[in-house]
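Top to bottom, those sequences are chains X and H. Counting from 98, one number per residue, gives the positions in the first sequence under the numbering used here. Counting from 159, one number per residue, gives the positions in the second sequence under the numbering used here. Right, one structure below, let's go through it.
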Amino acid sequence: MSEDELAAFGVHTEERADHVRLVVTGELDFYREPELRSAVEALLAQGPPQRLVLDVGGLQFLDSAGLRGLLVCRDRSRSAGVPFCLAVTPGPVTRLLDLAGVRSWFTYE
Amino acid sequence: MQIITDEAQRLAAVRRYQVLDTPPDGAFERITALAARLFQVPISIVSIVDSDRIWFKSHHGVDVDEIDREPGLCASAVLQGEPWLVNDARTDPRTLANPLVAGELGLQFYAGVPLTTHDGYNLGTLCIIDQQPRELTEAEVASLTDLARVVMDELELRLAARRTVELGSQLRQSAEDVARTLQRSLLPARVPDVPGLDIAARYHVANAEEVGGDFYDIVVDPAGGCAVVVGDVCGKGTAAASLTGTARWVLRATVSESWTPAGALARLNSVMVRAQDEPGDYCTAALVAVAPVQDGRTTVTVGLAGHPHPLLVRADGTVERLGTTAPVVGWTLEASYTEVAAPMSSGDLLVLFTDGTLEVVAGHGATDDQEVRALLAPLAGRPAEDVACALDDALDDALSVATLRDDAAFVVVAVR
């Protein structure tokens, strides 16, 4: 897939009083998932935050690879000893979590 | 460099560069104009020596595209490895009888530097021509030689660019071949005959260059029934393909021992989790065991793992979702699976599909099967192939406005 066919995707970090918030927007799919992983890994590498919140409320689309990305972030964060949770709003992410039967695998903000 | 003078090989090199009879182009025009200005001569030419003619890639100061190989001077120039200089053509024994010299053009000065390929073939020359005698200094000959190298660099660059494009298209072709072969190996060669059932299956590939992550399989029970699975492996490409192969064969082996979908999914889950050092790959699946059909009646037992519910379309047009949601397979040993049974009778349809199918019918990112149910309801009582064709049509309609982002697979089972 060429660059101009890639769906819009963005990830940025917000420092909060008691946690670091990683906000992702756009479409998280097979081609974009590695960007999310590296963002989380970079964050954990530069001094683990007190708590990590992955805010996926702004995602318009998530595919199976995107879901894998969320699970990998959860696992990486946990193994670094950093409490991890998702911030969601009802939409594409919650629908896929339900379809995949993994809603209970995450804790939520 | 050793110049290779074998004419057949030299002509093969000329062909390889595919420059003959190409349209004029800025880079070479600039070089001949520059040469004319630099050496203050009226005529400068980039020539390619063909078997029977000398063709001009660029001609500054003379309005001719090509001349015969005889009496062209470039044909002599390409026979050697160094600049070919004629300071006064009227007295030079090599040229004094040449019609270009004695005739209308009145050529009196010629300096041509061969265009030598990296492997030692002279394709033609960069030459400068004057109508009065001249003499080039050593430095001027060096400059003309440098300019000829620039011409050759341009030709090499074009050849490399063309090769890259050709190579790219060959690679794409071979990737498609591999993908197609691999894909075929991941699907049953044909839909088997099962007594009392009528089955149709489809696999639509999103990208011909990539092996998709969807799969389906139909495992025949020698006692009369069968098991049908539709699954989706997370990811694309060869990594996903290898996982798809594993998933397909583990399910096939397990389900044919006990015909219990929940048990087979649990087994696949444990195989996949244990096969990975750390979680990374997973798959979703809907697995349905269809009991042997007797008098147009059977029972289906459905196990789900993170997959859209199979739909049961009753002969009267009502549509039911089968199965209880359970987690995807392959991430954690803590996942557990259950199964739900439902009766089916003659005229009822069972439709298993992947989320790619769902997206095609209901739009990018859709997870709700409402539109698939609406599409299927009017097809109640129809043969499996008709239903598959209706789904194909829905797919074609969707593709007329957007590209297929995900593979789409589905299996339709009708009770006769």
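Glycine is no exception: its CB is placed at the ideal position from the N, C-alpha and C atoms. Treat the numbers as computed from the prediction; the structure is a model and nothing was measured.
What residues in its chain sit with their C-beta under 6 Å from that of residue i, if we drop five residues either side in the sequence?
{"i": "A447 (chain H)", "result": "A385, W417, P419, T459"}
{"i": "D223 (chain H)", "result": "F214"}
{"i": "F267 (chain H)", "result": "D288, P291, R292"}
{"i": "P143 (chain H)", "result": "With chain H running from 159 to 574 in the structure shown, residue 143 (chain H) is simply not present."}
{"i": "H465 (chain H)", "result": "T442, A443, A444"}
{"i": "E100 (chain X)", "result": "Its pLDDT being 46, under 50, E100 (chain X) is placed unreliably by the model, and nothing is read from it."}
{"i": "T275 (chain H)", "result": "A171"}
{"i": "T264 (chain H)", "result": "In the sequence as presented, Thr is not what sits at residue 264 (chain H); that position holds Gly. These residues qualify, in order along the chain: Q289."}
{"i": "L409 (chain H)", "result": "V387, A422, L426"}
{"i": "F203 (chain X)", "result": "L183"}
{"i": "A247 (chain H)", "result": "T253, V259, L265, Q266"}
Can you name, in chain order, every residue of its own chain whose Cβ lies under 7 Å from the Cβ of residue i, other than the five neighbours on each side?
{"i": "R175 (chain X)", "result": "F181"}
{"i": "A463 (chain H)", "result": "L423, T442, A443, A484, P485, V486, V487, Y495"}
{"i": "L193 (chain X)", "result": "L159, L164"}
{"i": "E529 (chain H)", "result": "V519, A520"}
{"i": "A524 (chain H)", "result": "L516, E517"}
{"i": "L510 (chain H)", "result": "V386, V388, A444, V446, P468, F568, V569"}
{"i": "D550 (chain H)", "result": "R360"}
{"i": "D250 (chain H)", "result": "V244"}
{"i": "D474 (chain H)", "result": "A538"}
{"i": "A449 (chain H)", "result": "G383, T456, T457"}
{"i": "M98 (chain X)", "result": "Here M98 (chain X) scores only 44 on pLDDT, less than 50, and its place in the model should not be relied on; the value that follows carries that caveat. So the list reads Y128, once near-sequence residues are dropped."}
{"i": "G219 (chain H)", "result": "A194, P200, I201, S202"}
Listing by chain order, which chain H residues have their CB less than 8 Å from the CB of residue i?
{"i": "F127 (chain X)", "result": "G393, K394"}
For a contact defined as C-beta to C-beta under 9 Å, what are the partners of residue i on chain X?
{"i": "T442 (chain H)", "result": "S161, L196, A197, G198"}
{"i": "P419 (chain H)", "result": "Near P419 (chain H) there are no residues of chain X at all, since even the closest Cβ is about 14 Å away, more than 9 Å."}
Between residue i and residue j, how many whole angstroms is the CB-CB distance? I'm expecting something under 8 Å.
{"i": "S504 (chain H)", "j": "R574 (chain H)", "result": "6 Å"}
{"i": "C392 (chain H)", "j": "G371 (chain H)", "result": "7 Å"}
{"i": "V570 (chain H)", "j": "L480 (chain H)", "result": "Rounded, the Cβ-Cβ distance is 14 Å, inconsistent with contact."}
{"i": "I189 (chain H)", "j": "L344 (chain H)", "result": "Not really, about 56 Å apart at Cβ, beyond 8 Å."}
{"i": "C232 (chain H)", "j": "I212 (chain H)", "result": "5 Å"}
{"i": "L313 (chain H)", "j": "A193 (chain H)", "result": "L313 (chain H) to A193 (chain H), Cβ: 16 Å. No contact."}
{"i": "D208 (chain H)", "j": "L237 (chain H)", "result": "Not quite, the Cβ-Cβ distance comes to about 15 Å (not below 8 Å), so this is no contact."}
{"i": "P119 (chain H)", "j": "L258 (chain H)", "result": "One cannot answer for residue 119 (chain H) here, as it falls past the ends of chain H, which runs 159 to 574."}
{"i": "L534 (chain H)", "j": "V471 (chain H)", "result": "5 Å"}
{"i": "G123 (chain X)", "j": "A142 (chain X)", "result": "Not confirmed; about 24 Å, so no contact."}
{"i": "F186 (chain H)", "j": "S216 (chain H)", "result": "4 Å"}
{"i": "V349 (chain H)", "j": "A358 (chain H)", "result": "7 Å"}
{"i": "G514 (chain H)", "j": "A566 (chain H)", "result": "4 Å"}
{"i": "A542 (chain H)", "j": "D375 (chain H)", "result": "About 16 Å; that fails the 8 Å criterion."}
{"i": "A121 (chain X)", "j": "L168 (chain X)", "result": "One detail in the question is off: residue 121 (chain X) reads as Val in this sequence, not Ala. Not quite, the Cβ-Cβ distance comes to about 14 Å (not below 8 Å), so this is no contact."}
Show which residues of chain X have a CB atom less than 8 Å away from the CB atom of residue i.
{"i": "D565 (chain H)", "result": "Per Cβ cutoff of 8 Å: no residues; D565 (chain H) is ~11 Å from chain X at best."}
{"i": "G464 (chain H)", "result": "L196, A197, G198, V199"}
Take residue i and list the residues in its own chain whose beta-carbon comes closer than 8 Å to its own, dropping the five residues that flank it on each side.
{"i": "S414 (chain H)", "result": "V377, D379, A385"}
{"i": "G178 (chain X)", "result": "P145"}
{"i": "L140 (chain X)", "result": "T110, V117, L119, P146, L149"}
{"i": "A184 (chain X)", "result": "R118, V150, L151, D152, V153, G154, Y205, E206"}
{"i": "E324 (chain H)", "result": "none"}
{"i": "R200 (chain X)", "result": "T191, L194"}
{"i": "L340 (chain H)", "result": "V369, T396, A399"}
Beta carbon of residue i: closer than 6 Å to some heavy atom of the ligand COA?
{"i": "S161 (chain X)", "result": "Questions concerning the ligand COA fall outside what the structure shown contains, since it holds no ligand whatsoever."}
Report task. Identify every run of the alpha helix (DSSP H) within the segment 115-153 of chain X, keeping only runs that are complete inside it and at least 4 residues long; order them along the chain. Result -> Considered as a whole, the segment 115-153 of chain X harbours 130-142 as its complete alpha helix (DSSP H) runs of no fewer than 4 residues, in chain order.
Query raised in the report: Closer than 9 Å, Cβ to any Cβ of chain H: which residues of the segment 153-173 of chain X, in chain order?
Result: Contact annotation: in the segment 153-173 of chain X, residues whose CB is within less than 9 Å of a CB in chain H are Q157, F158, L159, D160, S161, A162, L164, R165, L168, V169, D172.
Report task. Within the segment 193-260 of chain H, note down every full alpha helix (DSSP H) run reaching 4 residues or more, in order along the chain. Result -> 232-235, 257-260, all fully within the segment 193-260 of chain H.
Query - Residues from the segment 185-197 of chain X in contact with chain H, defined by Cβ distance under 8 Å - result: Flagged, chain order: P189, R192, L193, D195, L196, A197.
Requested in this report: With a floor of 4 residues, list each alpha helix (DSSP H) that falls wholly inside the segment 271-348 of chain H, ordered by position along the chain.
Outcome: The qualifying runs are 296-343.
**Report entry** Residues, ordered as in the chain, of the segment 466-488 of chain H that lie near chain X by beta-carbon distance below 7 Å
**Finding:** Under the 7 Å Cβ criterion, the segment 466-488 of chain H contributes P466, T483, A484, P485, V486.
Query - Complete runs of the beta strand (DSSP E) confined to the segment 475-521 of chain H [at least 3 residues] - result: Every beta strand (DSSP E) of 3 residues or more that sits fully in the segment 475-521 of chain H is shown, in chain order, as 477-479, 497-503, 507-511.
Query raised in the report: Taking a cut of 8 Å between CB atoms, which residues from the segment 508-538 of chain H lie near chain X?
Result: If the cut-off is 8 Å between Cβ atoms, the segment 508-538 of chain H has D513, H522, G523, T525, D526 near chain X.
Query raised in the report: What are the uninterrupted segments assigned as beta strand (DSSP E) that are 3 or more residues long and contained completely in the segment 374-424 of chain H, given in chain order?
Result: You should have 384-391.
Report task. Please list the residues of the segment 384-415 of chain H that have a C-beta atom closer than 7 Å to any C-beta atom in chain X, keeping them in chain order. Result -> Taking 7 Å as the upper bound on Cβ-Cβ separation, chain X lies near residues D390, C392, G393, K394 of the segment 384-415 of chain H.
Query - Members of the segment 421-454 of chain H that neighbour chain X once the beta carbon cut-off is set at 9 Å - result: Within the segment 421-454 of chain H, E436, P437, G438, D439, Y440, C441, T442 place their CB atoms closer than 9 Å to a CB of chain X, listed in sequence order.
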